[in-house]
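Engineer: Structure below; questions to follow.
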Amino acid sequence: MRTARVPVPLLVPAVLGLIFLVLPLVGLLARTPWSTLPARLAEPRVVEALRLSLLTSTMATVVCLILGVPLAWMLARASFPGRRLVRALITVPLVLPPVVGGIALLLALGRRGLVGQWLDTTFGITLPFTTAGVVIAEAFVALPFLVISVEGALRGADSRYEEAAATLGSTRWTTFTHVTLPLVAPGIAAGAVLCWARALGEFGATITFAGNYPGITQTMPLAVYQTMESGDLEGAVVLSLILLVVSVAILAGLRDRWLTAP
Amino acid sequence: MRIRAVVTIGLAALIALAGCGDGATGRPVAVGSGSTVTGPITVFAAASLTESFTTIGRRFEAAYPGTTVTFNFAGSSALATQINEGAPADVLASAAPKSMAVVVDAGNGAGTPTTFVRNQLVIAVAEGNPRGVAGLADLAEPDLKVALCAQTVPCGAAAGAAIEAAGARVTPVTLEQDVKAALSKLKLGEVDAALVYRTDAKAAAADVDAVEFPESAKAVNDYPIVALKDARNAAGAQAFIAFVLSADSVQVLTEAGFQAP
Numbered sequence: 710m711r712t713a714r715v716p717v718p719l720l721v722p723a724v725l726g727l728i729f730l731v732l733p734l735v736g737l738l739a740r741t742p743w744s745t746l747p748a749r750l751a752e753p754r755v756v757e758a759l760r761l762s763l764l765t766s767t768m769a770t771v772v773c774l775i776l777g778v779p780l781a782w783m784l785a786r787a788s789f790p791g792r793r794l795v796r797a798l799i800t801v802p803l804v805l806p807p808v809v810g811g812i813a814l815l816l817a818l819g820r821r822g823l824v825g826q827w828l829d830t831t832f833g834i835t836l837p838f839t840t841a842g843v844v845i846a847e848a849f850v851a852l853p854f855l856v857i858s859v860e861g862a863l864r865g866a867d868s869r870y871e872e873a874a875a876t877l878g879s880t881r882w883t884t885f886t887h888v889t890l891p892l893v894a895p896g897i898a899a900g901a902v903l904c905w906a907r908a909l910g911e912f913g914a915t916i917t918f919a920g921n922y923p924g925i926t927q928t929m930p931l932a933v934y935q936t937m938e939s940g941d942l943e944g945a946v947v948l949s950l951i952l953l954v955v956s957v958a959i960l961a962g963l964r965d966r967w968l969t970a971p
Numbered sequence: 266m267r268i269r270a271v272v273t274i275g276l277a278a279l280i281a282l283a284g285c286g287d288g289a290t291g292r293p294v295a296v297g298s299g300s301t302v303t304g305p306i307t308v309f310a311a312a313s314l315t316e317s318f319t320t321i322g323r324r325f326e327a328a329y330p331g332t333t334v335t336f337n338f339a340g341s342s343a344l345a346t347q348i349n350e351g352a353p354a355d356v357l358a359s360a361a362p363k364s365m366a367v368v369v370d371a372g373n374g375a376g377t378p379t380t381f382v383r384n385q386l387v388i389a390v391a392e393g394n395p396r397g398v399a400g401l402a403d404l405a406e407p408d409l410k411v412a413l414c415a416q417t418v419p420c421g422a423a424a425g426a427a428i429e430a431a432g433a434r435v436t437p438v439t440l441e442q443d444v445k446a447a448l449s450k451l452k453l454g455e456v457d458a459a460l461v462y463r464t465d466a467k468a469a470a471a472d473v474d475a476v477e478f479p480e481s482a483k484a485v486n487d488y489p490i491v492a493l494k495d496a497r498n499a500a501g502a503q504a505f506i507a508f509v510l511s512a513d514s515v516q517v518l519t520e521a522g523f524q525a526p
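Sequence order for the protein chains is A and B.
Residues are numbered in this note's numbering as their position in the first sequence, beginning at 1, plus a constant of 709.
Residues are numbered in this note's numbering as their position in the second sequence, beginning at 1, plus a constant of 265.
Encoded structure:
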């Protein structure tokens with residue numbers, strides 16, 4: 710297979726596609742101010758934005774795991790009316806522009822929102838402009854990634870193990886925790902990493918729903934944007950470089966699961 | 266159907282002709298070296314100019330048939346970055362000399378910028394001013410949520426200067442990327458007050474009230490306008506700037522709440 714000649718009509722667009730994807734990253738590296746890089750990385754606002762980004766995307770991933778794995782199980786294993794509709798609804802945030810997601814979150818969970826109003830009057834909780842708001846915005850955008858990959862893993866898993874457990878008298882819950890979960894653990898891990906990466910890169914929903922304040926809601930992508938807007942291109946490049954390094958590290962970690970996928 | 270279509274086309278032609286006549290007589294056509302002004306003109310303008318420049322752009326197109334004016338409204342510093350990175354623009358109207366200087370210092374301006382209006386900040390609050398905000402000092406209340414513009418955009422810099430002049434301590438919940446974004450957070454009810462330009466509060470008068478405060482006089486923003494060196498439509502750029510400086514346009518701008526320089 711590997712030694713077969715690649716037809717030119719396939720080779721040319723394939724190489725162009727590769728260049729198209731890699732060139733902007735080369736551009737980023739070409740403009741990186743390597744000499745001032747260490748000093749720039751140590752700037753408090755950079756450290757603060759990075760800390761906030763890592764914290765919120767990890768928390769968003771935890772939220773997604775808690776909600777997403779059961780949801781994926783429901784879609785893959787349970788049969789209930791309207792399952793197709795549920796799956797369609799879950800994929801909506803996947804195709805929705807994140808900024809629209811942010812507006813929708815404001816209208817649902819904002820201080821005057823459908824549920825947010827009640828949260829405010831009953832518990833005095835308001836989510837916009839808080840770190841919790843960032844986590845919610847990120848989880849909203851990232852959850853479909855987790856659900857879809859875990860559902861795929863569940864569908865690919867051999868259900869005979871679960872049936873065997875059931876015939877041996879195991880309850881559905883025990884089967885889920887002792888058979889299903891270990892079986893699809895790699896799929897869940899891959900989904901979680903993908904979900905985390907998506908949360909890390911989240912911009913539109915975050916700035917719309919959670920606002921922009923250093924240390925509280927200003928994550929890395931927001932810091933990149935604001936630095937760029939302020940005319941500090943060099944600073945924006947440094948921040949982008951950090952995100953690029955983190956993304957590549959994730960990709961490297963996922964190498965086995967994704968790059969050599971069947 | 267066919268007859269109707271013909272009549273419609275005829276009417277459209279008549280209207281277009283009428284537009285030409287108006288442009289030839291009423292508007293200040295004699296601009297520059299007499300080169301014909303036509304084609305697309307791209308204007309990068311501060312977010313706070315959205316309403317008035319949209320009106321001025323429509324009038325310009327009526328006065329100069331064959332032109333189309335396209336606007337890119339955003340925070341002034343974003344516009345400056347975009348232009349310095351090669352975004353195709355003919356005219357830049359900025360909300361602060363500092364943002365304008367970023368472009369001119371990079372050698373991207375054609376000629377010297379002209380200040381065409383000035384703007385002042387007000388405290389925008391929800392309609393009826395439910396929290397009874399009377400001045401900057403009231404924004405220090407801990408449970409009062411305030412949106413400011415980021416320091417990097419002119420409305421944020423002006424807000425910082427005004428707050429400093431008042432000696433007030435204001436801790437905003439968010440630093441928005443431009444004045445319109447700050448105002449949206451107020452309209453949505455997510456914040457109780459926002460420091461915005463008088464013109465923006467006026468444009469949103471249906472939803473928000475404006476509270477004037479004396480310290481805003483210490484942070485008046487001059488709005489400069491300039492044609493750009495790499496303008497694709499240099500004649501159009503000059504004509505548009507002359508049009509903005511004309512009495513008619515100044516009237517549009519002052520009605521929107523700007524002050525003449």
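All C-beta atoms, glycine included, are put in the ideal place defined by N, C-alpha and C.
Please identify the residue among A:D867, A:V902 and A:W827 whose C-alpha is closest to the C-alpha of V888 of chain A.
Structural biologist: Considering only alpha carbons, the answer is A:D867.
Engineer: Does the separation of the CB atoms of E455 of chain B and L828 of chain A fall below 8 Å?
Structural biologist: Not a contact, by the Cβ cut-off of 8 Å.
Engineer: If I follow the unbroken alpha helix (DSSP H) through L451 of chain B, where does it start and stop?
Structural biologist: Start and end: V444 to K452.
Engineer: Hey, does G393 of chain B have any beta-carbon neighbour from chain A nearer than 8 Å?
Structural biologist: Not closer than 8 Å to any Cβ of chain A, the Cβ of G393 of chain B fails to qualify, so no.
Engineer: Which one or two residues does DSSP pair with P489 of chain B in a beta bridge?
Structural biologist: Its beta-bridge partners are B:T380.
Engineer: Pull up the DSSP beta-bridge partners for V308 of chain B, would you.
Structural biologist: In DSSP, V308 of chain B forms a bridge with B:F336 and B:V356.
Engineer: Hey, is S949 of chain A's beta-carbon within less than 8 Å of any beta-carbon in chain B?
Structural biologist: No - not a single Cβ of chain B is within 8 Å of the one on S949 of chain A.
Engineer: I need the boundaries of the beta strand (DSSP E) containing A412 of chain B, first residue and last residue.
Structural biologist: Run containing A412 of chain B: V411 to C414, per the beta strand (DSSP E) assignment.
Engineer: Would you report the Cα separation of Y488 of chain B and A354 of chain B, rounded to the nearest angstrom?
Structural biologist: Using only the alpha carbons, I get a separation of about 18 Å.
Engineer: Quick one, which of A:G940, A:G962, A:I959 and A:S949 has its alpha-carbon nearest L344 of chain B's?
Structural biologist: Out of A:G940, A:G962, A:I959 and A:S949, A:G940 has the C-alpha closest to the C-alpha of L344 of chain B.
Engineer: How many angstroms separate the CA atom of T290 of chain B from the CA atom of S317 of chain B?
Structural biologist: Because the pLDDT of T290 of chain B is 37, which lies under 50, any placement of that residue in the model is unreliable, and the number read from its coordinates should be weighed accordingly. Between T290 of chain B and S317 of chain B, the C-alpha separation is close to 23 Å.
Engineer: If we ignore side chains and look at the alpha-carbon of each, how far apart do P853 of chain A and A312 of chain B end up?
Structural biologist: If you take the alpha carbons of P853 of chain A and A312 of chain B, they lie about 35 Å apart.
Engineer: On the criterion of 16 or more Cβ atoms from any shown chain inside 10 Å, does L732 of chain A qualify as buried, or is it exposed?
Structural biologist: So L732 of chain A counts as exposed.
Engineer: Taking the alpha-carbon of S766 of chain A as reference, which of A:I845, A:V893 and A:A919 has the nearest alpha-carbon?
Structural biologist: Of the listed residues, the one whose Cα sits closest to S766 of chain A is A:I845.
Engineer: I'd like to know whether the C-beta of L453 of chain B is nearer than 8 Å to at least one C-beta of chain A.
Structural biologist: Taking Cβ atoms only, chain A reaches closer than 8 Å to L453 of chain B, which makes this a yes.
Engineer: On the DSSP bridge assignment, give the partners of D403 of chain B in chain order.
Structural biologist: Answer by DSSP bridge pairing: none, since D403 of chain B is not bridged.
Engineer: Interface residues of chain A around Q442 of chain B at Cβ under 8 Å?
Structural biologist: Correct list: I916, N921, Y934, Q935 and E938.
Engineer: Have a look at V850 of chain A and V721 of chain A and give me their C-alpha separation to the nearest angstrom.
Structural biologist: If I take the Cα positions, the gap works out to 35 Å.
Engineer: Spell out a yes or no on whether the stretch 358-373 of chain B and the stretch 489-507 of chain B are touching, meaning 3 or more CB-CB pairs, one atom from each, closer than 8 Å.
Structural biologist: Contact holds: three or more Cβ-Cβ distances are below 8 Å.
Engineer: Helix, strand or coil: how does DSSP classify S298 of chain B here?
Structural biologist: Residue placement at S298 of chain B is flagged as unreliable, the pLDDT there being 42, under the threshold of 50; the coordinate-derived value follows with that caveat. Three-state result, S298 of chain B: coil.
Engineer: With burial defined as no fewer than 16 other Cβ atoms inside 10 Å of the residue's Cβ, what is the status of A524 of chain B: buried or exposed?
Structural biologist: Contrary to the premise, residue 524 of chain B reads as Gln rather than Ala in this sequence. Flag for Q524 of chain B reads exposed.
Engineer: Can you give the Cα-Cα distance for A499 of chain B and S511 of chain B, rounded to whole angstroms?
Structural biologist: One C-alpha to the other measures close to 18 Å.
Engineer: Does the beta carbon of A343 of chain B come closer than 8 Å to any beta carbon on chain A?
Structural biologist: At least one chain A Cβ lies under 8 Å of A343 of chain B.
Engineer: What residues in its chain sit with their C-beta under 6 Å from that of V807 of chain A, if we drop five residues either side in the sequence?
Structural biologist: The residue you asked about is not Val; residue 807 of chain A is Pro in the sequence shown. V850, G913 and A914.
Engineer: Mapping DSSP to helix, strand and coil, what is Q524 of chain B?
Structural biologist: Three-state DSSP puts Q524 of chain B in a strand.
Engineer: Given that L815 of chain A touches chain B, what residues does it touch there, using C-beta distances under 8 Å?
Structural biologist: The answer, in chain order, is L453 and E455.
Engineer: Can you name, in chain order, every residue of its own chain whose Cβ lies under 6 Å from the Cβ of R463 of chain B, other than the five neighbours on each side?
Structural biologist: Excluding positions up to five away in sequence, the list reads Q385, V387 and G522.
Engineer: What does P753 of chain A reach in chain B if we use C-beta pairs closer than 9 Å?
Structural biologist: What P753 of chain A touches in chain B: nothing, since even the nearest Cβ is about 15 Å away.
Engineer: Would you report the Cα separation of G861 of chain A and W905 of chain A, rounded to the nearest angstrom?
Structural biologist: G861 of chain A and W905 of chain A: Cα-Cα distance of roughly 18 Å.
Engineer: Could you run through the stretch 415-436 of chain B and flag, in chain order, every residue whose CB is less than 7 Å away from some CB of chain A?
Structural biologist: Cβ contacts with chain A come from A415 and T417.
Engineer: Among residues of its own chain, excluding the 5 on either side of E477 of chain B, which ones have a beta-carbon nearer than 7 Å to its beta-carbon?
Structural biologist: Hits under 7 Å: V387.
Engineer: If contacts are defined as beta-carbon pairs under 8 Å, then T417 of chain B and E938 of chain A qualify, I think. What distance do you get, rounded to the angstrom?
Structural biologist: Indeed, because the Cβ distance is near 6 Å, the residues count as touching under 8 Å.
Engineer: If you follow the beta strand (DSSP E) that T439 of chain B is part of, which residue opens it and which one closes it?
Structural biologist: Run containing T439 of chain B: T439 to E441, per the beta strand (DSSP E) assignment.
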